[in-house]
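Heads up: the structure comes next, in structure tokens.
Protein chains in written order, with this note's numbering: chain A, 108 to 771; chain B, 308 to 1050.
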């Protein structure tokens, strides 16, 4: 709910013109009435309408400035006839009226050009820029006519007003790393794969990884869904990185490394968050040392995600890209509290990005880690991956063994599929809820590939008790549950079905329900604030902990979450840290403030009706290894798109760029 | 296959076809400004929007595939109005200088402005300061540019140069050029729908509508690309025959040309009268001559005449370059069982895995380069270049460069056979494969066995592999065995093989002529060296018409017989005048077109019956394809011979990318000089500096060259241009030389 003077946002019409302020009707949307802690917004204007927060806004200039932003921000655009020339005419005509030199015919021109842009522009930016302008012309016609008839400038034409604009897209908004998705898809479509990769790397250095194993929340916010099916956004990402790798080019960095600013940062952990922080800090001219506990770089994605899903030679390309920016890595180096105290003097800031590497208990009876056969998912995957990917340690051989995994998320899928590849006799997955939920937690493909490979899923089940003989696991007592719908419409409740419990004989029980963070490296006297989930607390915007100069990002801050979430946090944190290193202040850039406002408002509207596109053009699907080809080895399962598939998929993208602007 | 309807006409789309492609194929008109058939759609003009039943708003036809049962309407009042509005927008501030614009008369903006009845500029915007540019052969006027992106698309996708790009900035957007990457092919000029991207040479020279198009085939390399010489009479008072070629154009929507083809057109031999004395002297020379030496810059019909003269008078026919190629193809044919190689340019552009051996991709044959670029861009093809010299300029085309020692090509091809020949082939040639010493070849060639494993691994799941062989191999000391291995690979694997003909009509000559090894004096030379010289360059004992002054045919790299038409008149004597006197009779040289040897695959089709046009779908219908003949004989492969070391100063015969021969050198726009180019490293080792003149012996002749350091080059081998040396030599392209500095 927001207090507004006037708003047409999202089809809503709130018109408090002429009403006393206490009688103002409120908007149902989370409109950015307060720009930041010390600035109020005067107006918000965007693809979907316009909101005025007070009566004094110069609507003509607002329209003109919005059209001007289209000129400023048309880097992404200016690439179709209606957008390029139409956008310029909108601006010129509005400026003419605002200067006090307009005439009535200019209004007709604006409407005519606006309509053509709406109908024929290449991307949504061109289609939507006329929307709020025409809204203003319709609802504030008097003000326009006043300027025209009296040939006078609009009311605040010559005053200085802050206009802050941001370009976004539903997918970009939904992506935690805010990747410029339409740009990298356009790069594929135009067969400019270097441009594609650079677009990704502006905010996401792990293009190989997030082109393969990202749960792609962006696809849930893809406007194409309103028409038929979402674009295969994730898979199009790897086209650029595969191109770079396949041709053995040097790394295509989107920015030039800045000159040294004479500051040093320690990053603890070389997983996605650590790598991302390091990359962008190094690009900003900061000297970065990354400390990694394991003998290998990459964190959980290296030792957790199996080779068949995320080939290490591809991930190493992402890591080398980070190194290429001038990052220094120190492996086999577990950081303790003493190190942290030392770092505080040796470095200008520290980033804690240590992830969550302790498997949580499943909370059944007799759950004692000393029982042989009780093996945490993290430890099991560490051992498998260190051997399979690096030849470190020893091979896991499960020949003749039965394995039960308790989980339901990505990690548990990795456990069971790795167990199949380690030649286990029988592999069970125990999950409390149903098939639909497990697919929702992971992906359709992931689940079906596991089923095809022979994993038996036991739904609506939970382990009640571990049964051992002399501390050797023998079997499990498993309870059956049913899902009872919540009459209030909430998540269905799980109720145990009495009398249906059963026994499974097994050699292993792998808990893979979730993980905790190991934060013993934080000196206790720092009293760093924690969340109720026992993770490091920040405000979720600038990622500084309660101790100045100590930052945290990724799973150790958020709790076990996705790679892309860690990347998004770490990218933001790097930007905050660079400013902190230079000024000693914690601040957000206008771009970041706008990013947060838009995220709150939400860019994607699943009810919007999409026009101007032919529905029913099928989503491309890439080829995968057949079950027999992949079941007992670590070959990458997904081949990625052929170029033909990639181009046709990219051509489905509607380029839903939008401009939002706030007047302060 | 998808059934749908356009304007109530039932049509069928193939997989991957857009609505616009189907419409064009079926002859249904949809207006476009930015659509270029040979690239992926830019979708910038929005003119091709159509209505689809049941769909709100317009649908873009260029990049939307149809769905089953769709009903499309390509024209309506609403569509007309929006298209008209787009044309109004295109005309915002567009300079009204058609009178002095080169594009006038063939300008898409002019045409569509007329078509959509835009009578005046109804909108204007504050104009930006824009800078005109000249990049060598291309001149760019941003005021005229409509940013359709055809030029950037063609540069990126078809040429693979990636030089042109959009400098974004909304209304300020313009095209820019990463000039170091630009290969001056002029494809951008050809595809520009307005006058923005113009030929620096053609600018302000002629009105388009005064030019007459003469369709022909490019004479500079074996691709023999389809082109139009555009000619005009020189002016009032001049003789009717005095015409000039003003420019070269082509069917740019579907086909391409390189810079030599587009700009190297003024190589005609201007002869206005018959020199009877010279003619009779030459006829006298023929009485005593024992040998005719000639180059492959010759039509099939002329080659046929020479062969008939040989048969009738016993002349020896000498063309070392074609003979090497001929022997290579013969050995290859015996091994693969087919008279012709299996690949063509189209197959290369559609391939997804390509290995090149023995050719300089960036300069030997531009269309092979273009085809590889397209394969990389469109099919994600893996391109392995096996060559001793690194080539930075095609880094984006080549996936992996296998840098090998000079001379080791035979071993490398053997290793390719080891990787890719199937079980049946291995059984057939068991002794050969048993004798293969991978360790030795790896050691001597500098390409490790693990690199071959990588190469073989990259072929997994690839569906259309090709092997491209070039001129380094034909004169290789082990050419015959190399050719046989290529034949074996063709026969016993899924590879298609392309053997690039080394000169324009090398393939034709090698099929039509029985060539001899050694010349006997006296020698009559046709565009070559000899005691009596017939020359189209105008420097010999008797003038001959150049290839833009002749009718006839070439046999192209695509194994097609393609027609040439005379763009310019020629008043002197031609080869047929000589042959008529020597008993090989014809009225016109093209009387022989239908008589070309049928046993070699030529067909009894008369010159005038050779088709030369394009279908709406873009398919080129031009000349005919040679019949490939089955070859019965079997061969046995020889063991790989020891690899000779190449030490000291080594040069590689290789031309700058626009130069091919003395005819391109004659062309005014093509300015590349014949130089010796090497890396800094080479200069240091050879103790010479950039800009110095050097001399060295090559093929028994003393050659003088200016040396230039090229920062793009690496390694110890220098490029030596040979376009200015007359007929191509049959020497292995790498030679050890002694450099002498001259003051």
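Beta carbons: idealized from backbone N, C-alpha and C, even for Gly.
Since the structure is predicted, the reported quantities are computational estimates derived from the model, not experimental observations.
Self-check item: Chain-order list of residues whose beta-carbon lies under 7 Å from that of residue 826 of chain B (same chain, five-residue window excluded)
Solution: 598, 600, 623, 625
Between the Cα of residue 444 of chain B and the Cα atoms of B:490, B:453, B:405, B:422, which residue gives the shortest distance? B:490
To which residues does DSSP link residue 1006 of chain B through a beta bridge?
In DSSP, residue 1006 of chain B forms no bridge with anything.
| Is it the case that the CB of residue 569 of chain B approaches a heavy atom of the ligand FAD more closely than 8 Å? | This structure lacks the ligand FAD; in fact it carries no ligand of any kind.
So is residue 216 of chain A in contact with chain B if we call contact Cβ pairs under 9 Å?
yes
**residue 749 of chain A: contacting residues in chain B (beta-carbon distance under 9 Å)** = 659, 686, 687
| Short-range partners of chain A found in the segment 334-359 of chain B, where Cβ spacing is below 9 Å | 340, 341, 346, 347, 348, 349, 350, 351, 352, 353, 354, 356, 359
If contacts are defined as beta-carbon pairs under 8 Å, then residue 362 of chain B and residue 721 of chain A qualify, I think. What distance do you get, rounded to the angstrom? 6 Å
What number of angstroms, rounded off, separates the C-alpha of residue 218 of chain A from the C-alpha of residue 376 of chain A?
-> 56 Å
Beta-carbon proximity of residue 301 of chain B to residue 568 of chain B, cut-off 9 Å: Nothing in the structure corresponds to residue 301 of chain B, since chain B is present only between 308 and 1050.
Of all the residues that make up the segment 526-549 of chain B, which are near chain A by a beta-carbon distance shorter than 8 Å? none
>> Is it the case that the segment 552-561 of chain A contacts the segment 575-585 of chain A, given that we only count it when at least three CB pairs across the two stretches are under 8 Å?
In response: no
- Message: Less than 9 Å between the beta carbons of residue 194 of chain A and residue 157 of chain A, yes or no?
- Response: no
Can you name the start and end residues of the alpha helix (DSSP H) that residue 471 of chain A belongs to? Where residue 471 of chain A is concerned, there is no enclosing alpha helix (DSSP H), given that its DSSP letter is neither H nor E.
- Item | residue 889 of chain B versus residue 612 of chain B - alpha carbon distance | 10 Å
- prompt: Nearest-angstrom Cα distance between residue 606 of chain B and residue 861 of chain B?
  reply: 5 Å
**Asked** Is it the case that the Cβ atoms of residue 442 of chain A and residue 400 of chain A are separated by a distance below 9 Å?
**Response** yes
Looking at the structure shown, is residue 966 of chain B part of a helix, part of a strand, or coil, going by DSSP?
coil
Practice task
Output the distance between the C-alpha atoms of residue 809 of chain B and residue 370 of chain B, rounded to the nearest integer angstrom.
Solution key: 39 Å
- Message: In this structure, how does DSSP classify residue 516 of chain A when only helix, strand and coil are distinguished?
- Response: coil
Task: alpha helix (DSSP H) runs contained entirely in the segment 775-852 of chain B, provided each spans 4 or more residues - done: 778-781, 786-798, 813-819
Could you tell me the alpha carbon to alpha carbon distance between residue 1032 of chain B and residue 873 of chain B, rounded to whole angstroms? 26 Å
Every unbroken beta strand (DSSP E) within the segment 332-379 of chain B, with a cutoff of 3 residues, ordered by chain: 356-359
Once DSSP output is grouped into helix, strand and coil, what is the label at residue 540 of chain B? strand
Worksheet entry | Assigned exposure category for residue 541 of chain B - 16 Cβ within 10 Å defines buried | exposed
- What does residue 755 of chain B touch in chain A if you count any residue whose Cβ is under 7 Å from its own? Those do not exist, as residue 755 of chain B stays about 16 Å from chain A at its closest Cβ, beyond 7 Å.
With residue 323 of chain A and residue 706 of chain B assumed to form a contact (beta carbons below 8 Å), what rounded beta-carbon distance in angstroms separates them?
Actually they are not in contact, since the Cβ atoms of residue 323 of chain A and residue 706 of chain B sit about 28 Å apart, beyond 8 Å.
inquiry  = Is it buried or exposed, residue 287 of chain A, if we count other Cβ atoms within 10 angstroms and call 16 or more buried?
reply    = buried
If you run the structure through DSSP and keep just helix, strand and coil, what is residue 611 of chain B?
helix
Within-9 Å CB hit, residue 229 of chain A to chain B: yes
Which value, in whole angstroms, describes the spacing of the CA atoms of residue 383 of chain A and residue 433 of chain A? 13 Å
- Nearest residue (CA-CA) to residue 1029 of chain B, options B:961, B:483, B:1012, B:1015: B:961
(Q) Please tell me whether residue 423 of chain B has its Cβ less than 9 Å away from any Cβ of chain A. (A) no
Opposing strand residues paired with residue 623 of chain B [DSSP bridges] = B:598
Checklist entry - Going by other Cβ atoms of all chains shown within 10 Å of its Cβ, with 16 needed for buried, is residue 1004 of chain B buried or exposed? => result exposed
Discussion item. Quick check: what's the CA-CA separation for residue 636 of chain B versus residue 792 of chain B?
Written reply: 12 Å
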